[in-house]
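Peer 1: Pasting a structure below so you can have a look.
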Amino acid sequence: MDVMPKWAEVVLVPLISLLLAGIISALVVLAIGEDPIAAAKLMVTGALGSTYGWGYTLYYATNFMFTGLAVAIAFHARLFNIGGEGQAMLGGLGVALACLYIPWPHWSLALIGAAVMAGLFGAIWAAIPAWLQAKRGSHIVITTIMFNFIAAALLNYALVNMLRPKGSMDPATARFPEATNLPTLHDLLAPLGIEFSKAAPANVSLLVAIAACVALWVLIWRTRLGYEIRAYGHSESAAKYAGISPVKITMIAMIISGALAGLMATNNVMGEAERLVLNSTEGAGFIGIAVALMGRSHPVGVFIAAILFGFLYQGGAELALWTSIPRELIVVIQALVILFTGALDNMVRMPLEKVFLALRNARMAKTGGVE
């Protein structure tokens, strides 16, 4: 029997971890001579105080949903996919090829085609380390890190030597045709009479990310394949005894993971930049690890954690713009959130387990040992 109830595991532990990260962050801000309360107000106002702020918060959150889900599905199979960054880069290449070389008549068809290409490129890039782990015993963490660098080099070569328009000095593709431009939240909400900022980059791919959260929940908890993935993640030996193939689960979990990471390109490449540029991922693949850890690898948790990190990104940008707080300090705050919700998780969990155990023992003593 679990010592701690499920609601405490899902809600209380992350909440206390966030509170501790906030307190330490406030002390750091105070140490450099800034007012932490004013800084917090500015972050909230900048990220959530206007539709412009919400637009950027949701744009960043969309990226983190895709990469967080990618890491989460791998976690369920006891695999640490640290290659989301490279898989998202290759997903961007797939989006660029789909948008530039296929004459789409409408953005909806273009989105489907680009999503298929992005998922395919990301899946292929994840399948190679998966095969090396399943068949050759190469550690997935090492190979996926290596493939991040290979992806960056490959993308650089493709942009400079193959996809760059003639006469352009910018290592980027040409702008995608207008028919492939995705509607923003302003375009989607205007027919409903809801005013939303035209300048905000949040777009229809947010709905794709939410659909991905629902689809992954169904896959993991409502299908036989999801059961096999979770069983393998809990105990490889027991899964093998039950007839579950480790090679099959490793390959499938990583292919789905890579496809989800690749899908991020529908947001940042197709939806926002409307062309493929170098470093378009901006570290979102690595942030996905923190999002999956904080969300406990559950799609609902990933969704909430992605919103939080979207808030931190947009709020941090406002802090750097309007105060003397350096941009690097925002990275420190993000790192503290990751530290407390991930690496120091047991520092919060163990005292809480003792509290709930004491409460349960006291209740049992009152009822004569009956729960």
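In terms of the numbering used here, the sequence shown opens at residue 1212 and continues consecutively.
Glycine included, every Cβ here is placed at the ideal spot set by N, Cα and C.
These numbers were taken from a predicted model, which means no experiment stands behind them.
If you follow the alpha helix (DSSP H) that Ile1227 is in, where does it begin and where does it stop?
Peer 2: Looking at the DSSP string, the run of the alpha helix (DSSP H) that includes Ile1227 is Val1224 to Ala1242.
Peer 1: I want to know whether the stretch 1458-1465 touches the stretch 1256-1265 - three or more CB-CB distances under 8 Å.
Peer 2: The answer is no - the stretch 1256-1265 does not touch the stretch 1458-1465, with fewer than three Cβ pairs under 8 Å.
Peer 1: Mind checking Met1212: buried by the 16 CB within 10 Å criterion, or exposed?
Peer 2: Note that Met1212 scores 49 on pLDDT, short of 50, meaning its location in the model is unreliable; the coordinates nonetheless yield the value given after this. Flag for Met1212 reads exposed.
Peer 1: Taking 6 Å as the limit between beta carbons, can you name the residues of its chain near Gly1482, skipping five residues before and five after?
Peer 2: Same-chain partners within the cutoff: Leu1393, Asn1414 and Ser1416.
Peer 1: List the DSSP bridge partners of Ala1383.
Peer 2: In DSSP, Ala1383 forms a bridge with Val1488.
Peer 1: Taking the beta carbon of Tyr1524 as the centre, do at least 16 other beta carbons fall within 10 Å, making it buried, or is it exposed?
Peer 2: Flag for Tyr1524 reads buried.
Peer 1: Cβ-heavy atom distance between Ile1353 and the ligand NAD below 7 Å?
Peer 2: Looking at this structure, you won't find the ligand NAD or any other ligand, since it has none at all.
Peer 1: Shortest alpha-carbon distance to Ile1507 belongs to which of Thr1395, Glu1220 and Met1575?
Peer 2: Reading off the sequence, residue 1507 comes out as Arg, not Ile. Nearest C-alpha to Arg1507: Glu1220.
Peer 1: Going by beta-carbon coordinates alone, are Phe1286 and Val1352 separated by less than 8 Å?
Peer 2: No.
Peer 1: Spell out a yes or no on whether the stretch 1341-1352 and the stretch 1497-1513 are touching, meaning 3 or more CB-CB pairs, one atom from each, closer than 8 Å.
Peer 2: No, they do not touch.
Peer 1: In its own chain, which residues sit with a C-beta less than 6 Å from the C-beta of Phe1407, not counting the 5 before and 5 after it?
Peer 2: Around Phe1407: Thr1262, Leu1396, His1397 and Leu1400.
Peer 1: Please name the residue or residues paired with Thr1395 in a DSSP beta bridge.
Peer 2: Asn1414, per the DSSP bridge assignment.
Peer 1: Which one of Leu1563, Leu1540 and Glu1493 has the shortest CA to CA distance from Trp1218?
Peer 2: Among Leu1563, Leu1540 and Glu1493, the Cα nearest to that of Trp1218 is on Leu1563.
Peer 1: Can you have a look at Arg1433 and say buried or exposed, based on whether 16 or more other CB atoms are within 10 angstroms of its CB?
Peer 2: It is exposed - the Cβ of Arg1433 has fewer than 16 other Cβ atoms within 10 Å.
Peer 1: Curious, which full-length alpha helix (DSSP H) runs of at least 4 residues does the stretch 1519-1570 contain?
Peer 2: Listed in chain order, they are 1538-1549.
Peer 1: Since Leu1374 and Ala1307 are thought to touch, with beta carbons under 8 Å apart, how far apart are those beta carbons, to the nearest angstrom?
Peer 2: The Cβ separation is near 7 Å, so the contact holds.
Peer 1: Let me check understanding here. Comparing Cα to Cα, which of Val1327, Gln1298, Lys1377 and Leu1304 lies closest to Ile1339?
Peer 2: It is Gln1298 whose Cα lies nearest to the Cα of Ile1339.
Peer 1: Is the distance from the Cβ of Leu1253 to the Cβ of Leu1530 below 8 Å?
Peer 2: It is a contact, given that the beta carbons lie within the stated cut-off.
Peer 1: What is the DSSP secondary structure of Met1575, reduced to helix, strand or coil?
Peer 2: In the structure shown, Met1575 sits in a helix (DSSP, three-state: H, G or I).
Peer 1: Using 8 Å as the threshold, is the stretch 1470-1480 in touch with the stretch 1418-1434, meaning 3 or more CB pairs across them?
Peer 2: As far as the Cβ criterion goes, the stretch 1470-1480 touches the stretch 1418-1434, which means the pair count is three or higher.
Peer 1: Is Ala1516 near Gly1279, with beta carbons less than 8 Å apart?
Peer 2: Yes, the pair counts as a contact, with Cβ atoms nearer than the cut-off.
Peer 1: Judging by CA-CA distance, which residue of Cys1310, Ile1440, Leu1241 and Tyr1270 is the nearest neighbour of Leu1519?
Peer 2: Considering only alpha carbons, the answer is Tyr1270.
Peer 1: From which residue to which residue does the alpha helix (DSSP H) around Ala1447 run?
Peer 2: What sits at residue 1447 in the sequence shown is Glu, not Ala. Here the alpha helix (DSSP H) through Glu1447 covers Glu1447 to Tyr1452.
Peer 1: Could you check whether Ser1491 and Gly1303 sit closer than 8 Å to each other, using their CB atoms as the reference points?
Peer 2: Closer than 8 Å, so yes.
Peer 1: Can you find at least 3 beta carbon pairs, one from the stretch 1373-1391 and one from the stretch 1313-1332, that sit closer than 8 Å?
Peer 2: Touching, yes.
Peer 1: Using a Cβ-Cβ cutoff of less than 6 Å, which residues in the same chain neighbour Ile1500 once the five nearest sequence positions on both sides are dropped?
Peer 2: Here the set comprises Val1282.
Peer 1: So, under 8 Å CB-CB, Gly1469 and Leu1504 are touching, yes? Tell me the CB distance rounded to an integer number of Å.
Peer 2: The Cβ separation is near 19 Å, so there is no contact.
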